[in-house]
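Chemist: According to the working numbering, the residues represented by the sequence shown are 1 to 309, in order.
For glycine and all other residues, C-beta sits at the position ideal for the given N, C-alpha and C.
Remember, predicted model here, so these are calculated numbers, not experimental data.
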Amino acid sequence: MEFKHVPVMPKEALEGLNVRSGGIYVDATLGGGGHTSGILEKLGDGILIAFDLDENALKNARARFPGESRLRLVNDNFKNMPYVLDEMGIGAIDGVIFDLGISSPQIDDPKRGFSYMHDAALDMRMDTNQSLDAYKVVNEYSMDELIKIFREYGEERAAYSIAKDIVDSRRIKPIETTFELVKIIERHYPKNPAHRSGHPAKRVFQALRIEVNGELTGLAEAVESAALRLKKGGRIAVITFHSLEDRIVKNVFKELEKDCVCPPNIPVCVCGKRKEIEILTKKPLVAGEDELASNPRAASAKLRIAERV
């Protein structure tokens, strides 16, 4: 299928990166190539390395940017960025952008099983070569494991009752499709839409997607290592789509911004800590009204930007 994705806050993200002509940049989450396109326009004779686990995103980029010698596409998880850059012989970089979450084509492709709005096999894999999928999580995880991921990754209040219902249901027959799972979840929410906030399956599906793709595992380390790889004056921009991601990024930025934490009565620093970045967005940027009108999926997005010092 055609891989079309509207990037969130492209203008704000590009301005935040402050792209330097001739610099070395990383798009940690290629997706539909929206941010990549913006960076290339300002890059001059620089280099842009773009990561994505989804082979469809890479195929789209090859078609969208044919013969683009400044662009290097990497079919890998951005968490492996340090090793990939080392192998390429690339040291410090001028900027990096993370646009976390899921691309619109992945949501909209019924075969991928990401959406509670389409009936499809339970899948939710961004990397279709990996073995763990949503079917295995739903049908093989213990009740306690399901409760844990629904609570931690979905902040689902009905985690216990939904997990119990899933376990009871799969004893009769495996839960194979998204709509079969939605039907189970809906039993634990009011039938009147006016008495509930959003689709009842939203939080469980988010939790399953995060678990299947390990979205939060190693995120803090990936953001920190990318920030520390920046040249002085280089910038990192991170777009998050739910509170769990945003909290992780916020805490990493705050920790990297801290200077020496030794008590004032100690004349020489012994903690070894120094300020690594300056946070440029004391409060995260959010999408404006015009963008929300044309791209409702931007509603939950938050953009944080920091500069290496």
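1) Can you find the residues in the same chain that come closer than 6 Å, C-beta to C-beta, to I107, ignoring five residues on each side of it along the sequence?
2) Under 7 Å Cβ to Cβ from I166, same chain only, skipping five residues before and after it: list those, please.
3) Below 8 Å on the Cβ atoms is my contact criterion, and I expect Y48 with D27 to pass it. Report the Cβ-Cβ distance as a whole number of Å.
4) Does any residue of chain D have a CB that is nearer than 7 Å to the CB of H188?
5) Give me the Cβ distance between I277 and R308, rounded to the nearest whole Å; I'm assuming they're in contact under 8 Å.
6) Does the count of Cβ pairs from the segment 224-240 and the segment 199-216 closer than 8 Å reach three?
7) Output the boundary residues of the beta strand (DSSP E) element that contains T240.
8) In whole angstroms, what separates the C-alpha of A61 from that of R70?
9) Note down, one range per segment and in chain order, each alpha helix (DSSP H) of at least 4 residues found wholly within the segment 192-224.
10) Assign V96 to one of two classes, buried (16 or more other C-beta atoms within 10 Å of its C-beta) or exposed (fewer than that).
11) Compare the Cα-Cα distances from E41 to each of D52, A298, G23, A57 and report the closest residue.
12) Rounded to whole angstroms, what is the Cα-Cα separation between N80 and A222?
13) With H, G and I counted as helix, E and B as strand and the rest as coil, what does DSSP make of Y83?
14) DSSP three-state call for Y160: helix, strand or coil?
15) Let me make sure I understand the geometry here. Which of K191, A120, P190 has the alpha-carbon closest to that of F179?
16) So within the segment 33-69, which uninterrupted beta strand (DSSP E) runs reach at least 3 residues, ignoring any that extend past its ends?
17) Identify the continuous alpha helix (DSSP H) that holds R247 and give its terminal residues.
18) Looking only at DSSP bridge pairs, what is R72 linked to?
19) Give a yes or no on whether the C-beta atoms belonging to A226 and I236 are separated by under 7 Å.
20) Between which residues of its own chain and V6 is the CB-CB distance below 6 Å, once the five residues before and five after are set aside?
21) When burial is assigned at 16 or more other CB atoms within 10 Å of the CB, is E55 buried or exposed?
22) Given that a residue counts as buried once 16 or more other Cβ atoms are within 10 Å of its Cβ, and exposed if not, what is E255?
23) Per DSSP, what kind of secondary structure is T128 in: helix, strand or coil?
24) Is M1 helix, strand or coil by DSSP?
25) Could you tell me whether the Cβ atoms of G33 and R72 are closer together than 7 Å?
26) Taking its Cβ as the centre, do 16 or more other Cβ atoms sit within 10 Å of R310, making it buried, or is it exposed?
27) Looking at the strands, I want to know which residues DSSP matches up with I149.
28) In terms of residue numbering, what span does the beta strand (DSSP E) encompassing E307 cover?
29) Taking the C-alpha atoms as reference points, what is the distance between F150 and E156?
Modeler: Taking the coordinates as given:
1) F114, S115
2) V138, L146, I175, I184
3) At residue 48 the sequence reads Leu, which differs from the Tyr that was named. Correct: roughly 6 Å between the Cβ atoms.
4) No chain D appears in the structure shown, which is made up of a single protein chain.
5) 6 Å
6) no
7) 230-240
8) 13 Å
9) Restricting attention to alpha helix (DSSP H) runs no shorter than 4 residues, the segment 192-224 encloses them at 202-213, ordered along the chain.
10) buried
11) Answer by Cα proximity: G23.
12) Each residue's alpha carbon lies about 8 Å from the other.
13) In the displayed model, Y83 falls within a helix according to three-state DSSP.
14) Helix at Y160.
15) A120
16) 47-51
17) First-last of the alpha helix (DSSP H) with R247: 243-257.
18) I49, per the DSSP bridge assignment.
19) yes
20) N295
21) Label assigned to E55: exposed.
22) exposed
23) coil
24) Model confidence at M1 stands at a pLDDT of 49, short of 50, so the residue's coordinates are unreliable; what they give is reported in the following sentence. In this structure, M1 counts as coil in the three-state DSSP scheme.
25) When the beta-carbon positions are compared, G33 and R72 stay at least 7 Å from each other.
26) Residue 310 lies beyond the stretch modelled for the chain, which goes from 1 to 309, so this question has no answer here.
27) In the DSSP output, where bridge partners are listed per residue, I149 has none listed.
28) 302-308
29) 6 Å
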